[in-house]
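Residue numbers (my numbering), protein chains in the order written: chain A, 11 to 163; chain B, 911 to 1001; chain C, 7 to 467; chain D, 14 to 395.
Glycine included, every Cβ here is placed at the ideal spot set by N, Cα and C.
None of the values given here were measured: they were computed from a predicted structure.
Everything below concerns the one structure shown next.
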Amino acid sequence: MHSYEKDGILTLEDLVIPTKKQLEKGVAFIECIQEIPCNPCVDSCPVGAISMKNINAPPIVDYDKCIACGQCIGICPGLAIFLIKTKGDKVFITLQYEFLPIPIVGNKVKALNRKGEVVDTAIVKRIAKKDKTFIITIEANKDFAMEIRNIRV
Amino acid sequence: MKKKAIVCRCEDISLEDVEKAIDEGYTDIEELRKKLRIGMGPCQGRVCIQLVMKILEKKTGKEVGKINLPSSRPPIIPVCLGSIASDKNEK
Amino acid sequence: MDGLKGDSIASALHAQGIKTLTKSLRYDLPRGFFCGIGKCSSCLMRVNGIPNIRTCIAPLLEGVKVEIQDKLPDIPDAKFQSKPKKIVSVDILVVGAGPAGLSAAIEAAKQGTKVLIADENLQIGGQLIKQTHKFFGSKYEKAGTRGIQIAVDLEKELKELEKSGNIDLMLNSTVIGCYEGKKGKHKFAIIKRKNYDSILYEVESRTVVIATGAMENMLLFTGNDLPGVYGAGAVQTLMNVFGVKPGNKVIMVGAGNVGLIVSYQLLQAGIIVDRVVEAAPIIGGYHVHAAKLRRYGVPILTSHSIIEAYGKDKVEGVVIVKLDKNWQPIKGSKEKVACDTVCLAVGLTPSTRLLYQFGVNMEFVPEAGGFVALHDDSMQTTVKGVFVAGDSSGIEEASTAMVEGKIAGVSASLLLGFNKNAKDLKKQYKKELDRLRAGPFGEKPRIAKRKIDKLLEKKNA
Amino acid sequence: MKSKADVVIIGGGISGCGLAYNLARRGVDVLVFEKNYLTSGATGACGAGIRQQWSTYENAELAIASVKIFEKLSNELGEDIEFRQGGYLVAIHDRKEMKQAIKNVEMQRTLGLQVEILDSEGINDIVPILDVKGMKAIGATFCPTDGHANPFKTTFAYANAAKRFGANIYTHTKVTSIKKDKKRITGVITDKGSVKTEIVVNAAGIWSKDIAEIVGVNTPNIPIRKEIIATERFKPMFEAMVISFKDGIYFSQQKEGQIIGGIPSPEQKPGYKTIPTISFMQHMASTLIRYAPVLKHINLLRHWTGFYDVTPDSRPILGETKNLKGFIHCHGFSGHGFMISPMVSKLLSDFIVDGKTSEVLNNLNIDRFKDKKIEHEMSTVG
């Protein structure tokens, strides 16, 4: 039994971590490791960087191919895709946000880890809306690139 | 009033009531239905029958699949007599 | 009483904090909103002088008089508004306008059959209209689209076909029974509700697709009937259909997809989800759904169970307990948690009551969620012309329900001799279904369908 | 399973369980085989009425004696069978019916039954919700000691009491064969084993014909599908059972508050089909609200079918077969088995234990169908 099956929290060992270089370029990071019948992310990628053996297989991202366009972020029904890009000592994380109120650019928000604990204060840099989903990009401390997965306004 | 674990909301039948009836020898779902009026209320067993099956399985060791469901009788939902009779006797 | 347009009587009362709608027959216990879909008997009230009205589905109309019944109601003092019955004849009757039924009706009408689709609810879409989350699957099943949007899309498609005259839609209408018709046809009684009265329809059809969905399971624990204990579907109905908060602090029981998704929707509505309690040792739903909750700090406690809900007239808290390997409570592990709402998401049972009336062969298949009708790969049961699709044929996801509905729709058309491209479509849909069920989460339905195949073979031998 | 018994009863309905109790109480080693569960046949679909107003002497006699037993039965068996005497109101619609009613009442009164003839105004004194004009009644007969009881609880109470006296009841046990030598019964074979016995009672309801066939006895019974409705519960409004021989309708409000009633279906045909019909439901609903218009807003809750095990004269077949010693008939109740079961089981137990016979038993023997002239029971409903 994997620990995430018990508590719902992935550990870094469960995931394929991009290299420092890949992170600097920016990558789609997918926290979807179970075999579930779902593949819109594959269809959404304009460069074919996301692949699946079949509809049930977990998605594999070719971090080198990925152009960090963010097309896949808003399409994922599991809210499991994050765009991560580091710059200097900062990290830019793009994620789906389905709560009210919607922050505005420049707002300071709490940055939460996979357990919902506050680990940092982040600044909202960009807000996009796709269908009825808000896609928000925040700037935070680079050390938390692999930890921050949620915000609280 | 002491709170109970309710099996059948319509007829207000508790877990104790069902267990007692099973202990008395009513081990067929139809017998229980007739003894306790379980599943005879307005919901027609939608809420309670799957619970009764589980209690029966636990207490008698009979597999749920071997216990026949009580027969389903129309109408699917309660309907007023006036509507059913609506083709006749109305001016 | 005040309320908003589109409210049901019970939702309007709930919005004003009135949770006790009736008292129980023997023990005089308070009861209130529970199933939210007009099935259980916990919301029966006297409305405009008419007793035993299911207030969770009765519309709130201007100037309505609502009274609590004294357990057994008095004889009504309302004048009965009688209307003559109507007689209708169609090729295919589809029972249920959820994802499976809608798909079946659309596919069949496209083949040229005359379809009547009947549904109990005021809106089409079945459970889809409560699904504010995005769906999984592939583009063929509209993956990445919210359930509520899928309902809108399907409705659009249906309305187009309605113009062509091939589909008729009856909402707020329940198929109450099926009977023997003439010349191998099936006869149905349908009751169409209007305000607090109803009209009888007698429908004859050559084939029928039963897509009646499922009923939520109940759980046994002390105080399980207190107002404030709801099925997950009822909570979704309150929140997403009526815009009424079910409570302020919720304990969710069950960490399958339903429990996880509804918990997330509760959070979205600004309601505290104190924790998710799951009796099994692992989370049953998708990890991605669990992760969404965990990111908001909601604990998910596996190997835990609820043993009591307490409170005077409504839920004031629960007692939860830790379970050992054999699912037995561990001594000394009891914990009292204050809350005002308990939400049960402990599985579904296929709604098969109509199928029983046809006399189709039913068997108990645990992986399908209970007793289900034996059916072949065309979704036809052991009675000719009677098809099933969706949860009523075995509990699964909405995506597979839609594909099953399509298969039932084209198969019923083929049986009636309508074949524009039905044969090809059927093949295509079957492949699609296999693809969706190929992964580990498809294992249960795969086993279920295999068992059904075997039982059918045995039956035919 | 036991290998030997004094008496084997086939059928776990009201007749079988009632007889098992009466025999066990008297020290007889008795065994009941029921192929399904107790009350799974006609008893489980029964309309629950108990009526003494019959046109034939035998039925009236059996019913009157049964009511005397019913009155004390809850006490005797130690379980509440929910017996209630709210009376039976029998509607009279025309002069022809009035003539027959007067004749019946005369006969019933000679048996000591308290029964009166009401004019149309008197009807509402008994059942206020009836619309006398709508039901087109010119009068009614009323017997206040008629009533109803709970058929399931009565059967279960009989079975439980029988067990306390040592009877063995095997449910889900199907009789597959009956052993006999030339002129007498020797045993019974079931799907769970066989048992030696010299007496077999055929109390198998609509399946009694099949049981009789096993030993080569022909019975004239035919199964007739009957349908019944039950409404949701509401506050008690009336206690009497209302019936009409002309319309065929019967209905009453039970102790729990629901109305239970039936009427012959327009599609009524002999046979074993159990699917309810839409025509019955509509016919029943429209006749019921013609009789009691205030019921329009009352919800129909359930609608089901059961069977009458009907004989050519609508009277039961009771007693031993002439050429086959030990094969005893207890069937053909034609829709009124429940209400006469206490006395029937007493008479049969007296016959089995003491060899005692009676006029009723003699008149209801299967041999009566050899005569060309049989007296038909006129007073039937449902």
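- Message: Closer than 8 Å is the cut-off here; do at least three beta carbon pairs connect the region 313 to 324 of chain C with the region 196 to 212 of chain C?
- Response: In short, these stretches do not touch, since the Cβ pair count stays below three.
- Query: What's the gap between the Cα of Glu240 (chain D) and the Cα of His296 (chain D)?
  - Reply: Cα-Cα distance, rounded: 11 Å.
- Taking one C-beta from the region 346 to 357 of chain C and one from the region 259 to 269 of chain C each time, how about it: are there three or more such pairs within less than 8 Å? The region 346 to 357 of chain C is in contact with the region 259 to 269 of chain C.
- Please compile the residues from chain C whose C-beta is within a distance smaller than 7 Å of the C-beta of Arg246 (chain D). In chain order: Leu78.
- Exposure label - Gly116 (chain A); buried when at least 16 CB within 10 Å: Exposed is the call here.
- Message: Using a Cβ-Cβ cutoff of less than 7 Å, which residues in the same chain neighbour Ile173 (chain C) once the five nearest sequence positions on both sides are dropped?
- Response: Result list for Ile173 (chain C): Ala111, Ala115, Val121, Ile123, Leu164 and Leu167, in chain order.
- Query: Nearest-angstrom Cα distance between Ile142 (chain D) and Leu308 (chain D)?
  - Reply: Per the coordinates, the alpha-carbon of Ile142 (chain D) lies some 9 Å from the alpha-carbon of Leu308 (chain D).
- Message: I want to see whether chain D comes within less than 9 Å of Leu966 (chain B), judged by CB atoms only; does it?
- Response: No, because no Cβ of chain D sits closer than 9 Å to the Cβ of Leu966 (chain B).
- Give the residues from the region 231 to 246 of chain C that approach chain F closer than 8 Å (Cβ to any Cβ), ordered along the chain. No chain F is present in this structure, whose protein chains are A, B, C and D.
- Message: Ignoring anything shorter than 3 residues, give me the beta strand (DSSP E) runs that lie fully in the region 69 to 103 of chain C, in order along the chain.
- Response: Segments of the beta strand (DSSP E) lying fully in the region 69 to 103 of chain C: 92 to 101.
- Item | Distance between Gln87 (chain C) and Lys1001 (chain B) (C-alpha atoms, nearest Å) | Any reading at Lys1001 (chain B) is ruled out, since the residue's pLDDT is 35, under 50, leaving its predicted position unreliable.
- Message: List, from N- to C-terminal side, the beta strand (DSSP E) runs of 3 residues or more that fit wholly inside the region 12 to 58 of chain A.
- Response: Segments of the beta strand (DSSP E) lying fully in the region 12 to 58 of chain A: 37 to 40.
- So the beta strand (DSSP E) Lys198 (chain C) belongs to, where does it begin and stop? Here the beta strand (DSSP E) through Lys198 (chain C) covers His192 to Lys200.
- Item | Beta bridge counterpart(s) of Asn163 (chain D) as assigned by DSSP | Looking at the DSSP output, Asn163 (chain D) shares a beta bridge with no other residue.
- Message: I believe Lys465 (chain C) touches Thr388 (chain C) by the beta-carbon criterion, under 8 Å. Please report the beta-carbon distance rounded to the nearest angstrom.
- Response: Confirmed, about 7 Å.
- Item | 9 Å Cβ cutoff met for Leu108 (chain C) and Leu177 (chain C) | For Leu108 (chain C) and Leu177 (chain C), no; Cβs fall outside 9 Å.
- Task: Report all residues from its chain with a CB closer than 7 Å to the CB of Val140 (chain D); omit the five preceding and five following residues, and keep chain order.
- Result: The residues are Leu102, Phe251, Ala253 and Val255.
- Task: Report the residue ranges of all beta strand (DSSP E) runs contained in full by the region 127 to 169 of chain C; include only those spanning at least 3 residues, in chain order.
- Result: The region 127 to 169 of chain C contains no whole beta strand (DSSP E) run of 3 or more residues.
- Message: Counting C-beta neighbours from all protein chains within 10 Å, is the total for Ser16 (chain D) 16 or more, i.e. buried, or is it exposed?
- Response: By the neighbour-count rule (16 or more Cβ atoms within 10 Å), Ser16 (chain D) is not buried but exposed.
- Query: Roughly how many angstroms separate the alpha carbons of Gly54 (chain D) and Cys156 (chain D), rounded to a whole number?
  - Reply: Distance between the alpha carbons of Gly54 (chain D) and Cys156 (chain D): 29 Å.
- Message: Can you check which of these residues, B:Lys945, B:Ile939, B:Lys914 and B:Lys912, is closest to Thr168 (chain D) by C-alpha distance?
- Response: Nearest in C-alpha terms to Thr168 (chain D), of all of B:Lys945, B:Ile939, B:Lys914 and B:Lys912, is B:Lys945.
- Message: Rounding to the nearest angstrom, what Cα-Cα distance links Leu27 (chain C) and Asn230 (chain C) in this structure?
- Response: Distance between the alpha carbons of Leu27 (chain C) and Asn230 (chain C) is about 16 Å.
- Message: 9 Å is my cut-off, CB to CB: does Ala995 (chain B) come that close to chain D?
- Response: The C-beta of Ala995 (chain B) comes closer than 9 Å to at least one C-beta of chain D.
- Item | Limits of the beta strand (DSSP E) - the one that Ser311 (chain C) falls within | Start and end: His310 to Tyr316.
- Message: By the three-class DSSP mapping on this structure, what secondary structure does Ser109 (chain C) have?
- Response: Three-state DSSP puts Ser109 (chain C) in a helix.
- Closest by C-alpha distance to Gly42 (chain C), when choosing among C:Asn54, C:Asp34, C:Arg60 and C:Leu31: Looking at the Cα atoms, C:Arg60 is the closest of the given residues.
- Within 8 Å: the Cβ of Val128 (chain D) and any heavy atom of the ligand ATP? Ligands displayed in this structure: none; no statement on the ligand ATP is therefore possible.
- Using a C-beta cutoff of 9 Å, does Tyr50 (chain D) count as contacting chain B? True, the Cβ-Cβ gap to chain B drops below 9 Å.
- Item | Touching by the beta-carbon criterion (3+ pairs, under 8 Å), the region 140 to 159 of chain C and the region 91 to 101 of chain C | Cβ pair count under 8 Å is below three, so no.
- Task: Report the rounded CA-to-CA distance for Lys998 (chain B) versus His349 (chain D), giving the unit in angstroms.
- Result: Unreliable positioning characterises Lys998 (chain B) in this predicted model, as indicated by a pLDDT of 47, which lies under 50. A coordinate reading is not provided.
- Item | Val9 (chain D) - partner residues in DSSP beta bridges | The requested residue 9 (chain D) does not occur in the structure, where chain D is confined to residues 14 to 395.
- For Gly183 (chain C), return the contacting residues in chain D, with the cut-off set at a CB-CB distance below 9 Å. For Gly183 (chain C), the chain D residues whose C-beta falls within less than 9 Å of its own C-beta are Pro289, Ile291, Met294 and His316, listed in chain order.
- Per-residue contacts from Thr228 (chain C) into chain B (C-beta, under 7 Å): Per Cβ cutoff of 7 Å: Lys913, Lys914 and Ala915.
- Message: I'd like the span of the beta strand (DSSP E) that includes Asn215 (chain D), first residue to last.
- Response: Here the beta strand (DSSP E) through Asn215 (chain D) covers Ile212 to Asn215.
- Item | Amino acids of chain B, ordered along the chain, whose beta-carbon sits closer than 7 Å to that of Gly376 (chain C) | Against Gly376 (chain C), the close residues of chain B are Gln960, in the order they occur along the chain (beta-carbon pairs closer than 7 Å).
- Query: Mind checking Val26 (chain A): buried by the 16 CB within 10 Å criterion, or exposed?
  - Reply: By the 10 Å Cβ count, Val26 (chain A) comes out exposed.
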